[in-house]
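Structure first, then comments.
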Amino acid sequence: MSRPNWEQYALMIAKVASARSEDPYQKVGACVLRKDYSVASVGYNGAPPKIEINWSNRDERRARVIHAEANAFRYLKPQEGYLLASTLLPCRSCIQLAASYGIEKIVYIEEYEQDDIAHNLCAEFDIKLTKIELD
Ligand SMILES: [Zn+2]
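All residue numbers for the sequence shown refer to numbering that gives the first Met the number 0, where the first residue is 0 and numbers rise by one.
See the structure below:
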């Protein structure tokens with residue numbers, strides 16, 4: 000394999016993090032890089048600490064699961080993050096969080112059909128949103 004660029008590198012790390020997800024429907028991973036491209040944090044979607052989720056009920060887990068991006072943001076200092084890489088297009092809440100943390104670029108692998116506002120929000124918040132192919 001040829002040498003990945005920084006966006007691909009962050010997405011590869013996000014993909015590794017997603018393997019830790021317990022969610023049987025959608026395993027999502029996220030990775031945040033600083034401006035010097037060092038890794039600031041990683042996260043994956045999962046239950047809040049000490050909470051058991053009934054993973055077999057899709058609606059129940061949807062209301063309880065913490066998104067990979069939100070879990071990654073927990074470890075950031077304000078303005079520490081520059082690039083967010085997520086295996087799935089971030090939802091509107093995570094894009095709001097990204098804006099609040101000063102994220103300037105978001106890259107992702109997979110489109111999420113249920114949230115078409117993500118692209119408009121990123122444009123409005125001046126966050127560069129790019130879909131990237133891995134491999
Ligand atoms: Zn989200």
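Quick reminder that beta carbons are idealized off the backbone N, C-alpha and C, glycines included.
Since we're looking at a predicted model, the values are computed, not measured.
Whole-number beta carbon distance between residue j and residue i, since they are thought to touch under 8 Å
i, j, result
"residue 72", "residue 96", "5 Å"
"residue 33", "residue 80", "7 Å"
"residue 43", "residue 70", "7 Å"
"residue 91", "residue 114", "6 Å"
Reduced DSSP secondary structure (H/G/I, E/B, other) of residue i
i, result
"residue 29", "strand"
"residue 17", "helix"
"residue 55", "coil"
"residue 40", "strand"
"residue 1", "coil"
"residue 7", "helix"
"residue 124", "coil"
"residue 50", "coil"
"residue 60", "helix"
"residue 102", "coil"
In DSSP terms, what residue i is bridged to
i, result
"residue 86", "Bridge partners of residue 86: none, in fact."
"residue 130", "107"
"residue 94", "Residue 94 pairs with nothing; no bridge assigned."
"residue 45", "65"
Near ligand 1: residue i beta-carbon under 7 Å from a heavy atom
i, result
"residue 1", "no"
"residue 89", "yes"
"residue 66", "yes"
"residue 93", "yes"
Does the pairing of the segment 50-65 with the segment 9-19 give three or more beta-carbon distances under 8 Å?
Too few Cβ pairs lie closer than 8 Å, so no.
For the 8 Å Cβ check, are there 3 or more pairs between the segment 42-57 and the segment 102-112?
When Cβ pairs closer than 8 Å are counted between the two stretches, the segment 42-57 is seen not to touch the segment 102-112, the count staying below three.
Is it a yes or a no for the segment 22-32 touching the segment 119-128, going by three-plus beta-carbon pairs under 8 Å?
Look at the beta carbons and you see the segment 22-32 not touching the segment 119-128: under three pairs across the two are nearer than 8 Å.
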